[in-house]
Ligand SMILES: *Cc1c(COP(=O)(O)O)cnc(C)c1O
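Numbering (the numbering used here), first residue to last: 348 to 709.
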């Protein structure tokens, strides 16, 4: 077949992203624990703001996102001028690759890192470079060993998805200080809110020109369906991203809901407390059943099974019980299942089902 119109190099190497399943054929009340969503949903204030936005759907949204940037900046103690909002943090990953990585450039991500780093590096024509982790932990020395003169971006999710592990600020500082000048460290803090006392890399950013953070409203704030993310970093980088982002990349409803969500500290605190409590409970319940996991700092647990066959069998059993978790073959962890920490009932239900599976399997 002759093909005259060809996509840019790299694009056909992209495998389609597969999101977490949300339905099981023949089941009406499936429990979805496959996409790290907040089991309580968004703050009622965010839902109310979304409803109010329905009165002005004919109006274009703000293109400078000033109100939302101000609300985020107040909450986190940031300079709103160095903050950019985008349609989910995935959008920021895309903008970073488009702006700073092209053909001949390399983009580093870790072995079990988030799939979008590779996808957007390829979309920009750059070469993604996968760096091994050490026992499912980001390995700073291995990253430095993989850096070349062509490296432009280093993506680290901290805490990481799907492992749930994280590296300390000292290790990140050591990495940032040893990266060559032409290279930016991008800290993906999608789960930073779940870590008590972690500044998501803010102190590193304030002291350097080569570090930035990416954040999202999809996890703790429960607004994955609305697509809202943001990034904070050096002014020059933010100015570059502002040139290439869509001027109306966030809908008015998304802007309003996010602003209300980030201002509702009380609600965020309650969701966080529940996650911490039930994450511990679930990890211990699974460990007692012979299913270990690394200590997770996020809102999910990476449950390790004996081998791929057992993980697959457990996944099938959970499905038959109406529970959807995430298989990890695509992340090079075929013997693992990633299980989102739900509310109390959800955690009890999934632990009970794994117990039945283990009993059956014996
Ligand atoms: C869930 C997740 C995100 C969030 O992506 P959005 O596009 O904001 O929904 C970003 N990074 C990682 C590592 C994630 O797991």
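Here a beta-carbon is modelled for each residue, glycine too, at the ideal position from N, C-alpha and C.
Keep in mind it's a predicted model, so treat the numbers as computed, not measured.
Measuring straight from C-alpha to C-alpha, what distance separates residue 386 and residue 495? To locate residue 386, count along the chain shown from 1; it is residue 39. To locate residue 495, count along the chain shown from 1; it is residue 148. Note on geometry: alpha-carbon atoms of residue 386 and residue 495 lie some 42 Å from one another.
Apply the 10 Å Cβ neighbour rule to residue 370 and answer buried if 16 or more other Cβ atoms are within range, or exposed otherwise. Against the chain shown, residue 370 aligns to sequence position 23. Taking every protein chain shown into account, the CB of residue 370 has fewer than 16 other CB atoms within 10 angstroms, so this residue is exposed.
Considering just the uninterrupted stretch of the alpha helix (DSSP H) at residue 678, what are its terminal residues? Within the chain shown, residue 678 is the residue found at index 331, counting from 1. Note, residue 678: premise wrong, no alpha helix (DSSP H); not H, not E.
Reduced DSSP secondary structure (H/G/I, E/B, other) of residue 626: Counting from one through the chain shown, the residue named residue 626 turns up at place 279. Helix at residue 626.
Please tell me whether, using a cut-off of 8 Å, the distance from the CB of residue 510 to the nearest non-hydrogen atom of ligand 1 is below it. Taking the chain shown and counting its residues from 1, one reaches residue 510 at position 163. The answer is no for residue 510.
Residue 477 - DSSP class collapsed to helix/strand/coil: Looking up residue 477 in the chain shown gives position 130. If DSSP states are grouped into helix, strand and coil, residue 477 belongs with the strands.
If distances are taken between C-alpha atoms only, which option among 538, 506, 511, 489 comes closest to residue 521? Within the chain shown, residue 521 is the residue found at index 174, counting from 1. Residue 521 has its Cα closest to that of 489, out of 538, 506, 511, 489.
Just to confirm my understanding: we take residue 415, look at its own chain, exclude 5 residues before and 5 after, and list those with CB closer than 6 Å. What are they? The residue you call residue 415 lines up with position 68 of the chain shown. Closer than 6 Å at Cβ, skipping near neighbours: 432, 602, 605, 606.
If we ignore side chains and look at the alpha-carbon of each, how far apart do residue 449 and residue 506 end up? Within the chain shown, numbered from 1, the residue matching residue 449 stands at position 102. Within the chain shown, numbered from 1, the residue matching residue 506 stands at position 159. For residue 449 and residue 506, the distance between alpha carbons rounds to 27 Å.
Cβ contact (3+ pairs, closer than 8 Å) linking the region 640-648 and the region 659-669: no
Is there contact between the region 398-406 and the region 584-591, where contact requires at least three CB pairs shorter than 8 Å? no
Let's see if you can read the secondary structure: which residues bound the alpha helix (DSSP H) around residue 558? Locating residue 558 in the chain shown gives position 211, where the first residue counts as 1. Residue 558 -> not in any alpha helix (DSSP H); beta strand (DSSP E) instead, spanning 558-563.
Compare the Cα-Cα distances from residue 623 to each of 567, 409, 362 and report the closest residue. As a first step, residue 623 must be located in the chain shown, where it is residue number 276. Nearest C-alpha to residue 623: 567.
Nearest to residue 627 by CA position, among 466, 530, 643, is which residue? Here the question's residue 627 lines up with position 280 in the chain shown. Nearest of 466, 530, 643 to residue 627, Cα basis: 643.
Between the region 463-483 and the region 628-635, do at least 3 Cβ pairs fall closer than 8 Å? no
For ligand 1, is there a heavy atom less than 8 Å away from the beta-carbon of residue 457? Within the chain shown, residue 457 is the residue found at index 110, counting from 1. Incorrect: residue 457 has no Cβ contact closer than 8 Å to ligand 1.
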